[in-house]
Amino acid sequence: MTMTPAEADKVLADNFAPWVLDLGLTVESLGDDRAILRLPWSQRLAREGGGLSGQALMAAADTATVIAVSAARGAFVPMTTVQQSTSFQRAVTGSDVLITAVLTKLGRRMAFADITLTDSASGDLAARASTVYALMG
Numbered sequence: 002m003t004m005t006p007a008e009a010d011k012v013l014a015d016n017f018a019p020w021v022l023d024l025g026l027t028v029e030s031l032g033d034d035r036a037i038l039r040l041p042w043s044q045r046l047a048r049e050g051g052g053l054s055g056q057a058l059m060a061a062a063d064t065a066t067v068i069a070v071s072a073a074r075g076a077f078v079p080m081t082t083v084q085q086s087t088s089f090q091r092a093v094t095g096s097d098v099l100i101t102a103v104l105t106k107l108g109r110r111m112a113f114a115d116i117t118l119t120d121s122a123s124g125d126l127a128a129r130a131s132t133v134y135a136l137m138g
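Numbering (my numbering), first residue to last: 2 to 138.
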């Protein structure tokens, strides 16, 4: 029931808070169990020392999960984060980040995902996250 990237971008535009939209996330590709989003580099999102902030990366991982669930279900449904765990492995400086959210289980009421966040220039893994979502509809 995968949707198109344009449909997924509309899910972003219609369902997320303005500050999340300010991250500039775009949907790169979708599959039956995954979504790949791009977080563009922005000095506004950098912390002291020039690395992309952890808060921006965590928000991107959380958002990518919503898009992956929406793609798998064929449309957006109300959902909420139950749990998110993120491990940061290296700083990203001056490069976009590719966020790949892969659903490991999609049930009627719960969804589980593993997310990798990769420096798009070097291909190096920047962070890894896992999320659990409650599906409300």
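Backbone N, C-alpha and C define an ideal beta-carbon position, used for all residues, glycine too.
If you compare the alpha carbons of A57, T132, A14 with that of Q85, the shortest gap goes to T132. Annotated three-state conformation of M137 is coil, per DSSP. Leaving aside the five residues that flank T94 on each side, the residues in its chain whose CB is nearer than 6 Å to its CB run, in chain order, G51, G52. In its chain, beyond the 5 residues on either side, T82, Q85, T132 have a beta carbon closer than 7 Å to the beta carbon of D63.
V12 carries a helical assignment under DSSP once its states are collapsed to helix, strand and coil. In summary, S123 is exposed, with fewer than 16 beta-carbon neighbours lying within 10 Å of its beta-carbon over all protein chains present. The residue from A57, R110, L26 with its alpha-carbon nearest to that of V70 is R110. By the Cβ neighbour-count rule, D120 is buried, with 16 or more other Cβ atoms within 10 Å of its own.
I116 has A102, A130 as its beta-bridge partners, per DSSP. A36 is a Cβ neighbour of A102, given a cutoff of 9 Å. For T81, the enclosing beta strand (DSSP E) begins and ends at 80-89. Our two residues, K106 and A114, have alpha carbons roughly 7 Å apart in a direct line.
Per DSSP, R35 is one residue of the beta strand (DSSP E) stretching across 35-40.
For G32, the uninterrupted beta strand (DSSP E) segment begins and ends at 27-32.
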